[in-house]
Structures are given as C-alpha cells and as structure tokens.
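Each remark here refers to the structure printed beneath this line.
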Ligand code: C2E
Ligand code: MG
Ligand code: MG
Ligand code: MG
C-alpha cells in the first residue's frame, strides 16, 4: 500500500518513487540481518525529576548502524520494521536488553521503553514484558512503557485491556508525543495511564500562543492526575518555564542527549552523588 509508505498518490512510473521503494526493500533486508547479527544497540536519555524525592528515569532509544547505509534513524527504520512485522522480535529484544541494563543501575531508577502499537496488536506484548521481567529479575515498578498517542485511532477496547493487564503487572504506562495525536478526553478517560509526555513541538517555540497551549495541556494533564514529562527541552529558558508550570519531569538536550551504556551509568552515579552531597 503506497499511501501507507507516506507517498502521496500512486505514481508507479515516478523514478524517485521507484528508487524510494527499492531502497526501502533494501533497508528491510538489511534490518533483518541487523536483527540476526545483533548490530543494533540501545542508547539512553535521562529523564530528570523536578522533585528529588522522585526516581530518575532513563529512556531506551534504538540505534542502528549499517555497513551500507550508515547510521539509520529510528524514525526511518521503525516504520519499516512495523510494516514487515520485524517490530515484534525487535521490540522483544529492546525490552529484554533494557530490563537487563536497568538492573545494574542505581536502585529505583526507572527504565522507559518505547513500544509500537504493532507489538500490542500482535498479541505478544504482555508475554514479552513478563518474560523480560522474569529473565532480568527487574522489579516491575522500575519498567515504564511509552506508547505514542497517534495509535489511539486503533481499537480502544483492546488497547485498554492490554494496557490494563500491563499495569496489573505493576509496570507503568506513559503516553508519548502527547498533544499530537487523536486522543480525545473520552479515550484518555478509558486508558490506564500514569504519565503523559508532552510532545517536543509544544516546547520548541516559546511565543505567547504556544505558551497558552502548553499551559492548557499541563493544567489538563494535572487535573486528570497524570504525571507530566516535558520532552525536547533544550534551553535553560524552556526548563525554567516548565518548572514554573510544575511539570514532574524534564527530558532533553539541556540535561543530556541520548548516551551509551557506560556514559549513562556514570551520569546516574553522578546525580546520586550530588544528591547525597546536598546539605
Ligand atoms: P520518542 O520516543 O518521542 O523519543 C524522543 C526523540 O527525540 C529521540 O529521537 C530523542 O533523541 C530526541 N530528543 C530528545 N531530546 C531532544 C531535544 O532536546 N531536542 C531534539 N531536537 N530532540 C530530542 P530518536 O532517538 O531519533 O527516536 C525517534 C523516535 O523513534 C522515538 O521518539 C520513538 O518514537 C522511536 N523509537 C526509538 N527507539 C524505539 C524503540 O526501541 N521502539 C520503538 N517502537 N520506537 C522507538
Ligand atoms: Mg519515547
Ligand atoms: Mg517522546
Ligand atoms: Mg517524540
């Protein structure tokens, strides 16, 4: 389905489209190999609590460096993995490695894992989460899954039953890219969600109009009892504004870009040292 590939209209003889489709096919094969030969890795981006009594979080983000294509962005290869069904074994691998990694981190730090709607619709998410927790021995309360808001157009009853089962394990659930998708208040009411991550696009621009939106989103999310994370925070000005609005967590380049395993362990250890050092 060409439209699904994000190509407006069907122009079979368009040479650009032709090479686009070939490249996509190529990428899919390369991704297949990457999964088999485990040439994928995770990086981690800190999510910093406003209150010191709250645990730090780390979001796991997939990275793929291919011999032929070089570094491929997850915004390119995740959709390909979703179309081809590769997302299921891939997502399983991410869950397992993320939980194993989190076990070595200072106590109480929460690992956040992005989960695709296709993992949910395939029916394997719950078993994959259980197996990752059992295999690693990680406490369920230290795992949080992130689901992007755009998926709410899917079967809401099924989605909410899966999320409920996930939450019953003691795992936290977050809505990612909040504010960009289709979620009406009616959806939100029916989904068992702990946290909303306000999309970067609301934080990028700080003109008066955007600030009004930001303020309204934060007020609504707080009123509904969600924890609020602001993502994509790059400047001190943005950080101060968000702290002023009372968001619970801040994530973005201002604190740290996504970093590798060694750097993330060090980053966490430094924060905890600092905390202990506080008078
Ligand atoms: P996301 O989950 O919303 O992750 C945030 C993205 O914004 C990440 O891009 C991160 O590197 C980037 N980012 C963080 N802070 C800043 C900032 O201050 N400024 C700017 N400009 N960007 C910032 P990344 O790593 O390229 O990931 C893109 C998307 O790919 C993710 O968006 C997520 O939807 C998806 N993704 C990544 N890893 C996985 C995975 O393991 N499974 C699934 N299903 N999706 C994944
Ligand atoms: Mg995310
Ligand atoms: Mg996000
Ligand atoms: Mg995002």
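Residue numbers (full-length UniProt numbering): 409 to 687. From the three backbone atoms N, C-alpha and C, an ideal C-beta is built for every residue, glycine too.
Between the segment 551 to 560 and the segment 508 to 521 there are three or more inter-stretch CB-CB distances shorter than 8 Å, so the stretches are counted as touching. Annotated three-state conformation of residue 501 is helix, per DSSP. One alpha carbon belongs to residue 478, the other to residue 440, and they sit about 15 Å apart. Remark: C-beta atoms of residue 674 and residue 639 do not approach each other more closely than 7 Å. In the DSSP annotation of this structure, residue 512 is not part of any alpha helix (DSSP H), being labelled neither H nor E. Membership of residue 557 in any beta strand (DSSP E) is not indicated, and neither H nor E is assigned to it by DSSP.
The chain-ordered list of residues whose CB is nearer than 5 Å to some heavy atom of ligand 2 reads 522, 554 and 584.
A direct Cα-Cα distance of roughly 7 Å separates residue 564 from residue 595.
Residue burial annotation: residue 511 is exposed, with fewer than 16 other C-beta atoms found within 10 angstroms of its C-beta.
By alpha-carbon distance to residue 471, the top candidate from 480, 464, 463 and 465 is 480. Closest in alpha carbon position to residue 607, among 593, 629 and 599, is 629. Within the same chain, 641, 642, 643, 644, 646 and 647 come within 8 Å of residue 662 by CB-CB distance, once the 5 residues on both sides are set aside. A direct Cα-to-Cα measurement between residue 449 and residue 570 gives close to 27 Å. Non-local C-beta neighbours of residue 486 in its own chain, meaning closer than 8 Å and more than five positions away in sequence, comprise 470, 495 and 524, ordered along the chain. With a threshold of 6 Å, the Cβ atom of residue 605 counts as near ligand 3, since some heavy atom of the ligand is closer than that. Cβ-Cβ distances below 6 Å link residue 622 to 610 in the same chain, with the five nearest sequence neighbours on each side left out; the list follows chain order.
Assignment of residue 681 by DSSP, reduced to helix, strand and coil, places it in the helix class. The C-beta separation of residue 601 from residue 634 comes to about 7 Å, placing the pair in contact by the 8 Å criterion. Beta-bridge pairing by DSSP links residue 449 to 471. Remark: the shortest separation between the CB of residue 483 and any heavy atom of ligand 1 falls under 6 Å.
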